[in-house]
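Numbering (my numbering), first residue to last: 823 to 1013. For each residue, glycine too, the CB sits at the ideal point set by N, CA and C. This one's a predicted model, so the numbers in the text were calculated from it and none came from an experiment. Below is one structure, written out as structure tokens; comments come after it.
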Amino acid sequence: MNLRACALLTGVTALLVGAGEAHAQARLVDEIRVAVLQHDTGVIGENREDGVDFGVEILSTPIDALSLIGSPKFVVGALVNSDGYTNQIYAGLQAERTLASDVFSTNDAIYLEGMVGAAWHDGKLDVSGTPLEDEWKSHGSRVVFRTGFGVGYRFNDKWSLTATFHHISNADTSLPNEGSNDIGLRLGMKL
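Written out as structure tokens, the structure is:
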């Protein structure tokens, strides 16, 4: 992991943890999550960039003003790639739906979640026709859309584990548009 990526992850982690501690009493922050994801997975699309993405994110309490769309949570986070490929900082809205409660024990649950937002990345914009095109994605623009979904298990009122898939792309607002996908696990801790 390069020095810039380490500094980015350290800074974002400190910011998120500090924000979580500062706002936990006011209940603005609901949950902090850490993640380990396969970077640029070939599950959908072509895999070019390697490594593992390590992530941290913070979720707000449900936004009651958006109750017409299910009171989603505001989410902000970062992913840092272990091999020096594309890193991300992102923000958006995340909604969660409980599928089943008290499945194996009291207060546990199985849930679905979906996320839509934007991300800034430090990857390549256009490597088409260059020697780098075999190992880097051409994202076309620095700011991209970020979407995702997950299936999770809430162990109790504090801990959860989510299998998650996320996609970044500029949605053909500029060319080229080689999106990137991550798949992995997120461990959540409610405050």
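According to the DSSP secondary-structure assignment, F977 is paired through a beta bridge with no residue. At a Cβ-Cβ threshold of 7 angstroms, S982 and G1010 count as neighbours. Here I891 is exposed: its Cβ has fewer than 16 other Cβ atoms, across all protein chains shown, within 10 Å.
For Y907, there is no enclosing beta strand (DSSP E), as DSSP gives it neither H nor E. V966 sits away from L934, with the two beta carbons spaced by 7 angstroms or more.
Under a 10 Å Cβ-count criterion, R919 is classified as exposed, with fewer than 16 other Cβ atoms of the shown protein chains found around its own Cβ. Between the region 899–918 and the region 863–881, the count of C-beta pairs closer than 8 angstroms reaches three or more; the two stretches touch.
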